[in-house]
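Input: a single structure, listed below in structure tokens.
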Amino acid sequence: MKICISSTMDKEGAIADKRFGRCPYYAIYDQATKDYHFIENEGLAEAHGAGLKAAQTMVDQGVQVVITGNVGPNALRVLDAGHIKTFAMKGNKVEDQIKYYQAGELKEITTPGAPHGGKGRNGFGHQR
Amino acid sequence: MKIAVISGKGGTGKTTVATNLATVMKATYVDCDVEEPNGFIFLKPDIKESLDVTIPVPTIDTDKCNHCKACVDICQFNALIHVDKVMVFEKLCHGCGACQAVCPTLAITEEERPIGRIQIGTYGEEGMACLSGTLNLTEPMAGPIISQLKGRLGQETSLIDCSPGTSCNVVKGLLDATYAILVTEPTAFGLHDLLLAIDLVEQMSIPFGIVINRVHESHNQVSLYCKSKGYTLLGEIPYDRQIATLYSNGELLVRQSQYKAMFHEIADGVKEAMACSSSL
């Protein structure tokens, strides 16, 4: 199973990013090989629909679990349609998220956060 | 002939200038500030016609779809997403039709989706034409309404009351305008945002003049700046309690003779400036 964590950097030891659509990288963890694979978020600079584009990437990458801070209404609709479960991150590091997830300590995100949460300097993705 | 009224900063008096000037110039008034149109509050026209503005959005025939994702890839607005079938996110769709054009199995048809409304009416005994657009609540895209409003105009002189700021909606209001009136106020914010508005009209090569509203001293930072740059100052509207009272009662200022004369002066200035710029 593949788990994706929104990340601020493209290397191990990275800090997880609370923004789903507007984070710079995605860390994709393969439970079978226990390896991380980082991809760039191509939707980062989109004027609109960054979350949707990110959700499409998750579907295309065959991810089954997403761990992030906040997911907007449109993106959550796509993730649901793709039967991808979404969990709220805890703490800072990307690697910690996997530990928390495997220990069953992460809470599932079932209601969307505000749209455009990760956009701009005032997006609350930055504040929390 | 289209005269656009823009401001940079919001709340400086675009609508006050546009509505009052339209009546003294006997020009068509067009409220293109479709996110919060308020011109009709002052003009109170007889509404003759009211129509929906729609944009075409794709609907996908799942029986015909071969899941090639060409539509998802071509969409510049991320309005189409493919999971086990193509999902359409209507509010992101700009109605460009690219998805329909690239679909190899002709699975995409377009359906009209209403996003707002246009009202057309007449003002006064002479039946001055008035148009106003309204974007429906929660709709993100004002452009198509502005385009439809402007598409209804012919060669007559019209005053285009634009949105505040220098956004796409303002650019849409300014397109094909022969002249721009920049309304501002004598404050630091007013001057700052005026500079943005000037930058925009200069880039679009539209000649312009400036109206300063709420003026309580004639040597203010905006008028001094205009003088130093040699910009056309079309007029100044005083900081006046009576104007505020008329405005808050939803009344036109030109109902009072002294203000009517003031707007006639502004109108003369506009005509003169336009004559000068067209002879260049």
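Protein chains in written order, with the UniProt record's numbering: chain A, 1 to 128; chain B, 1 to 280.
Even glycine gets a Cβ: it sits at the ideal position worked out from N, Cα and C.
When the options are compared against residue i, the one with the closest alpha-carbon
i             : options                           : result
F20/A         : F87/A, K11/A, H83/A and K2/A      : F87/A
V262/B        : N213/B, K229/B and T245/B         : In the sequence as presented, Val is not what sits at residue 262/B; that position holds Met. Taking only the C-alpha atoms, the option nearest M262/B is N213/B.
C103/B        : L80/B, E185/B, E112/B and E125/B  : L80/B
A273/B        : S218/B, K14/B, G235/B and G95/B   : G235/B
T68/A         : D35/A, Q31/A and E95/A            : E95/A
N20/B         : P114/B, S158/B and G173/B         : S158/B
S147/B        : I120/B, N220/B, I6/B and G133/B   : G133/B
F38/A         : Q61/A, G91/A, G51/A and G49/A     : Q61/A
L174/B        : T184/B, G154/B and E202/B         : E202/B
M89/A         : V65/A, L79/A and G82/A            : V65/A
residue 349/B : L191/B, T122/B and V183/B         : Outside the shown range of chain B (1 to 280) lies residue 349/B, about which nothing can therefore be said.
S278/B        : P238/B, A177/B and T166/B         : A177/B
P58/B         : K14/B, V30/B and K91/B            : K91/B
A32/A         : A45/A, A14/A and K2/A             : K2/A
F42/B         : D31/B, K48/B and L51/B            : D31/B
K26/B         : P207/B, V171/B and E125/B         : E125/B
H116/A        : C4/A, L44/A, A14/A and K11/A      : L44/A
T12/B         : H94/B, E35/B and P164/B           : P164/B
D193/B        : D52/B, G10/B and K64/B            : G10/B
I237/B        : I115/B, F40/B, Q256/B and E185/B  : E185/B
residue 292/B : D84/B, S50/B and F77/B            : There is no way to answer for residue 292/B, as the model of chain B reaches only from 1 to 280.
D46/B         : K150/B, A129/B, V171/B and A197/B : A129/B
E105/A        : N41/A, G91/A, A114/A and Y36/A    : G91/A
K48/B         : G39/B, S218/B and I120/B          : I120/B
E251/B        : S7/B, G8/B, T15/B and V171/B      : T15/B
Opening and closing residue of the alpha helix (DSSP H) in which residue i lies
i      : result
A54/A  : A50 to D60
T19/B  : K14 to M25
C65/B  : Segment: none, C65/B is in no alpha helix (DSSP H) and carries neither H nor E.
R113/B : Per DSSP, R113/B belongs to no alpha helix (DSSP H); it is in the beta strand (DSSP E), I108 to Y123.
V78/A  : P73 to A81
V94/A  : V94 to Q102
P144/B : G143 to G151
V34/B  : Element bounds for V34/B: n/a, residue is neither H nor E.
L224/B : Q221 to K229
G173/B : C168 to L174
Contact list for residue i against chain B, beta-carbon separation under 7 Å
i      : result
A48/A  : One point to set straight first is that residue 48/A is His, not Ala, in the sequence displayed. The answer, in chain order, is F77, N78 and L92.
G117/A : In chain order: nothing, as chain B lies at least about 16 Å away.
K53/A  : N78
N74/A  : F89
Listed by chain order, chain A residues near residue i by CB distance under 8 Å
i      : result
M262/B : Per Cβ cutoff of 8 Å: no residues; M262/B is ~40 Å from chain A at best.
Residue i: contacting residues in chain B (beta-carbon distance under 9 Å)
i     : result
V78/A : I81, V83, M87 and F89
A81/A : I81, V83, D84, K85 and M87
Counterpart residues of residue i in DSSP-defined beta bridges
i      : result
D30/A  : K2/A and D35/A
I158/B : In the sequence as presented, Ile is not what sits at residue 158/B; that position holds Ser. In the DSSP output, where bridge partners are listed per residue, S158/B has K2/B and T28/B.
G190/B : DSSP output for G190/B lists no bridge partner at all.
A114/A : Beta-bridge pairing links A114/A to no other residue.
A16/A  : S7/A
C130/B : Y29/B and G121/B
H82/B  : V86/B
A47/A  : Beta-bridge pairing links A47/A to no other residue.
P140/B : DSSP output for P140/B lists no bridge partner at all.
Y259/B : Y259/B pairs with nothing; no bridge assigned.
L135/B : G116/B
I212/B : T184/B and E236/B
K107/A : A88/A
Chain-ordered neighbours of residue i on chain B, where CB pairs are closer than 8 Å
i      : result
G113/A : Within 8 Å Cβ-Cβ: nothing; G113/A doesn't reach chain B, min ~17 Å.
Extent of the continuous beta strand (DSSP E) run through residue i
i      : result
E90/B  : Unbroken run through E90/B: none, as it is neither H nor E.
T54/B  : D46 to I60
A88/A  : K85 to A88
S205/B : Unbroken run through S205/B: none, as it is neither H nor E.
P104/B : It is not in any beta strand (DSSP E) - P104/B carries neither H nor E in the DSSP assignment.
A244/B : A244/B -> not in any beta strand (DSSP E); alpha helix (DSSP H) instead, spanning R241 to S248.
L182/B : Y179 to T184
I67/A  : V65 to T68
L233/B : T232 to P238
Closer than 9 Å at the beta carbon, the chain A residues around residue i
i     : result
V72/B : Q56
Beta carbons nearer than 7 Å to chain B: which residues of the segment 58-70 of chain A have them?
V59
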